[in-house]
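All the letters of the sequence shown, read from the start, carry residue numbers 1 to 608 under UniProt numbering.
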Amino acid sequence: FFPQTENTPIHLLIFEKEGVYLHTNAKKSNLDTSIPGFIRIVERAGIPALEWSPVEDEACNAPAVLFSKKDGEGGLEDTHFEPGYEPDWAVISTVKKNREPTPTKWAFSLPLSELYSLRRARFSLGRNFLVLTSRGGHPLPPLHFHRGGTRELLRAMHRYVILDPSPVDARLFLAFPNDSGDTSPSFDRLQLLDDGSDLVQRFIHDPYATTFGGFSKVTNFFRAAIKPPQMLHHRGAHDPAHPGGQEEEPEFELITCGVELGPQPQVTRGQPLDRWDDLLDSEGRVMQPERIKEMVFRGGISPPLRKELWKFMLGFYPWSSTHSEREEILRVKTDEYFRMKVQWKSVSEEQEMRNSLLRGYRNLIERDVNRTDRNNTFFSGNDNPGLTLLHDVLMTYCMYNFDLGYVQGMSDLLAPLLFVTQNEVESFWCLTGFMDLVHLNFEESQEAMKKQLLQLSLLLRALDPELCDFLDSQDSGSLCFCFRWLLIWFKREFSFEDILTLWEVLWTRLPCENFHLLVACSILESQRGELIGSDHDFNTILKHINELTMKLDLQSVLRGAEAIYLQLLSCKELPVRVQEVLGLCVPAPSSDSSPESQSSESDRLLQQ
């Protein structure tokens with residue numbers, strides 16, 4: 001019992017365990033990121049709650065932070081450091097706070113009726129941790145049990161809640177009220193999707209804000225928490241409080257989530273494609289376009305041939321076109337380009353003053369042009385004609401696609417195209433072909449970016465569940481630090497010359513769909529030893545990933561990405577969702593084809 005006064009209700013201590021460390025996101029120079037403390041289950045006025053308080057704060061039993069269903073009530077928003085994303089997203093850094101958190105500020109109390117899900121895991125390093133999420137979508141900081149005790153805690157919690165294992169991940173459990181003596185499913189269990197709808201809808205409606213806001217702290221296992229209730233199976237051997245099994249700590253054997261991958265094969269890269277004329281017939285048609293794509297995927301293109309081949313790979317010229325047909329295409333496309341260019345060039349200053357959208361596009365373009373690849377001689381110095389071409393092509397693209405207009409990042413996509421083609425018209429039409437592939441990345445809804453981050457998490461979970469567990473434990477499971485990679489296809493991660501090779505490899509669309517996600521997996525896999533084998537926390541993970549810029553070896557990354565693909569391809573029990581990401585199988589069409597009943601691909605991924 002806690003000390004009571006005459007006018008205070010009785011507080012009943014149900015469970016207590018010392019040596020439970022809370023891993024914060026505070027910078028190590030100001031505060032230790034591991035705070036020792038106590039975990040308790042306490043009944044206050046008959047209401048059970050899970051509480052954690054630091055050792056230094058034991059004189060005060062009242063928790064400093066309370067969680068509730070409503071967004072914005074309590075939470076740890078003011079003490080969690082979020083990833084900053086600068087307007088030109090040149091770097092990803094951490095947001096600095098004026099005041100540092102104190103151990104007292106990290107204390108929390110979560111009524112067990114507000115517990116939504118619980119995830120448990122154990123690293124090969126021997127450290128057990130739990131991640132809990134409230135029904136309001138608030139993830140509590142990861143709790144690390146340095147002295148054991150998770151099994152005892154779960155047994156004590158079973159008095160108040162039922163923990164149902166997710167059918168997708170046996171380490172994830174969904175919490176429901178324990179209706180004593182009632183064998184029928186509780187109302188909360190039947191309303192599972194409704195319980196979590198606020199969290200999911202925030203991500204669907206505003207994924208950019210939630211990715212970099214509070215939802216970025218929700219680990220990438222949240223998808224399994226919204227399975228339809230009929231897919232939940234009964235508690236049994238997987239019950240976290242089940243008395244069977246080991247006497248002390250559970251071993252968490254399901255590290256691979258049921259996927260047993262074989263070893264990654266050795267992969268070799270080829271030489272750049274350095275011949276062209278002998279690949280054409282007498283009329284100029286490309287004789288074996290698929291063979292050319294294979295050669296480009298294997299080794300890229302030699303610099304002298306890029307100017308010609310890029311126009312085929314980006315759809316400016318059809319592969320089946322003849323010399324004469326390409327001359328006509330160039331004439332028509334040149335005329336179309338300058339007609340669009342005249343449209344914005346002829347707008348007077350007075351007209352533009354009444355067109356805030358066009359004025360906004362121009363201001364943003366002018367600012368970004370002055371900051372794009374200025375170290376490259378083609379764009380360096382003042383009054384550089386390359387900068388003028390960069391500006392004019394982007395302004396013309398606003399006329400071509402006014403609904404999208406200009407979004408930061410598009411200048412990074414155009415600069416290499418302009419550098420290779422050395423031609424205003426050709427670079428414009430190559431840009432339109434490139435944007436056909438990635439334009440959804442720049443949509444205001446950020447639906448495509450959300451989908452890709454989910455797909456990346458699926459791939460990484462199948463490849464390396466231990467790395468995923470580590471990222472989860474440090475509030476980095478959302479993979480938000482990969483946002484820039486996917487948005488502009490690693491443009492800021494590799495040297496200018498390397499990005500030319502990487503892009504032409506990705507344009508082949510070989511060997512599978514979403515190969516760029518495997519490139520991201522390859523980079524993360526190459527850093528797993530540095531991440532898991534260190535004391536990185538949320539901030540230092542972001543810092544480490546950001547500092548990889550210009551330090552990655554492209555050929556090693558490409559070999560790793562292809563090896564990952566071959567490894568997954570050889571797996572006989574590869575999950576269907578992973579197969580769909582790689583295009584190895586086609587999802588079955590919905591039985592109801594009405595627009596109202598068809599959810600987006602991203603929603604389908606969320607539901608799975």
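Every residue gets a Cβ at the ideal spot worked out from N, C-alpha and C, and that includes glycine.
What do you get for residue i, buried or exposed, if any count of 16 or more other CB atoms within 10 angstroms of its CB means buried?
| i | result |
| --- | --- |
| I47 | exposed |
| H23 | buried |
| residue 612 | Outside the displayed span of the chain (1 to 608) sits residue 612, for which this structure offers no information. |
| Q452 | buried |
| F402 | exposed |
| A45 | exposed |
| L13 | exposed |
| V469 | The question names Val, yet the displayed sequence has Asp at residue 469. D469 comes out buried. |
| L357 | exposed |
| residue 664 | Past the edges of the chain, shown from 1 to 608, lies residue 664, and the structure says nothing about it. |
| G196 | With a pLDDT of 34 at G196, under the threshold of 50, the modelled position of this residue cannot be trusted; read the value that follows with caution. Its Cβ being crowded by 16 or more others within 10 Å, G196 is buried. |
| S556 | exposed |
| Q271 | exposed |
| D278 | exposed |
| V20 | buried |
| T501 | buried |
| V332 | exposed |
Spell out the partners DSSP gives residue i in its beta bridges.
| i | result |
| --- | --- |
| T133 | S117 and P139 |
| H439 | Bridge partners of H439: none, in fact. |
| V286 | L280 |
| V161 | P177 |
| S34 | H23 |
| V42 | L13 and A49 |
| residue 622 | It is not possible to answer for residue 622, since the shown part of the chain is limited to 1 through 608. |
| L172 | R119 |
Which first and last residues belong to the alpha helix (DSSP H) in which residue i is found?
| i | result |
| --- | --- |
| H391 | P385 to Y400 |
| W52 | Run containing W52: none in the alpha helix (DSSP H); it sits in the beta strand (DSSP E), I47 to P54. |
| G360 | S356 to V369 |
| Y21 | That residue, Y21, is in no alpha helix (DSSP H); its beta strand (DSSP E) goes H11 to H23. |
| G529 | R528 to I532 |
| residue 609 | Examination of residue 609 is not possible in this model, given that the chain is present from 1 through 608 alone. |
| I329 | H323 to K345 |
| N376 | Careful: N376 lies outside any alpha helix (DSSP H) and carries neither H nor E. |
| residue 615 | The structure shown does not extend to residue 615, since the chain is modelled only from 1 to 608, so the question has no answer here. |
| C468 | P465 to S473 |
| R577 | V576 to V581 |
| K543 | F538 to N546 |
| E349 | E349 to M353 |
If you reduce the DSSP assignment to three classes, tell me which class residue i lands in.
| i | result |
| --- | --- |
| P416 | helix |
| K311 | helix |
| L479 | coil |
| G381 | coil |
| I488 | coil |
| L269 | First, the amino acid is wrong: residue 269 is Arg here, not Leu. Correct three-state label for R269: coil. |
| H144 | strand |
| V505 | helix |
| E152 | helix |
| E73 | Here the model assigns E73 a pLDDT of 37, short of 50, so the residue's position is not dependable and the matter cannot be decided. |
| N128 | strand |
| L404 | coil |
| L261 | coil |
| W319 | coil |
| D535 | coil |
| S457 | helix |
| T432 | helix |
| C521 | helix |
| S411 | helix |
| M295 | helix |
Could you please give the first and the last residue of the uninterrupted beta strand (DSSP E) stretch that includes residue i?
| i | result |
| --- | --- |
| P111 | F108 to P111 |
Between residue i and the ligand ADP, is the CB less than 6 Å from at least one heavy atom?
| i | result |
| --- | --- |
| L279 | The ligand ADP is not among the ligands present in this structure, which contains no ligands whatsoever. |
> Counting Cβ pairs closer than 8 Å, one from the segment 271-284 and one from the segment 315-329, do we hit at least three?
Replying inline: yes
>> Pairs of beta-carbons, one from the segment 262-282 and one from the segment 561-579, closer than 8 Å: are there three or more?
In response: yes
> Is it true that the segment 408-419 meets the segment 368-385, where meeting means three or more beta-carbon pairs spaced less than 8 Å apart?
Replying inline: yes
> How about the segment 349-367 and the segment 300-312: do they share at least three Cβ pairs that are nearer than 8 Å?
Replying inline: no
> Contact between the segment 544-552 and the segment 440-447: three or more CB pairs below 8 Å?
Replying inline: no
>> Taking contact to mean 3 or more Cβ pairs, one atom from each stretch, closer than 8 Å, check whether the segment 572-580 and the segment 523-541 are in contact.
In response: no
>> Check whether the segment 516-525 and the segment 482-490 touch, using three or more Cβ-Cβ pairs below 8 Å as the test.
In response: yes
> Are at least three pairs of beta-carbons, each pair with one atom in the segment 286-295 and one in the segment 493-506, less than 8 Å apart?
Replying inline: no
> Any chance the segment 417-430 sits against the segment 391-405, with 3 or more Cβ pairs inside 8 Å?
Replying inline: yes
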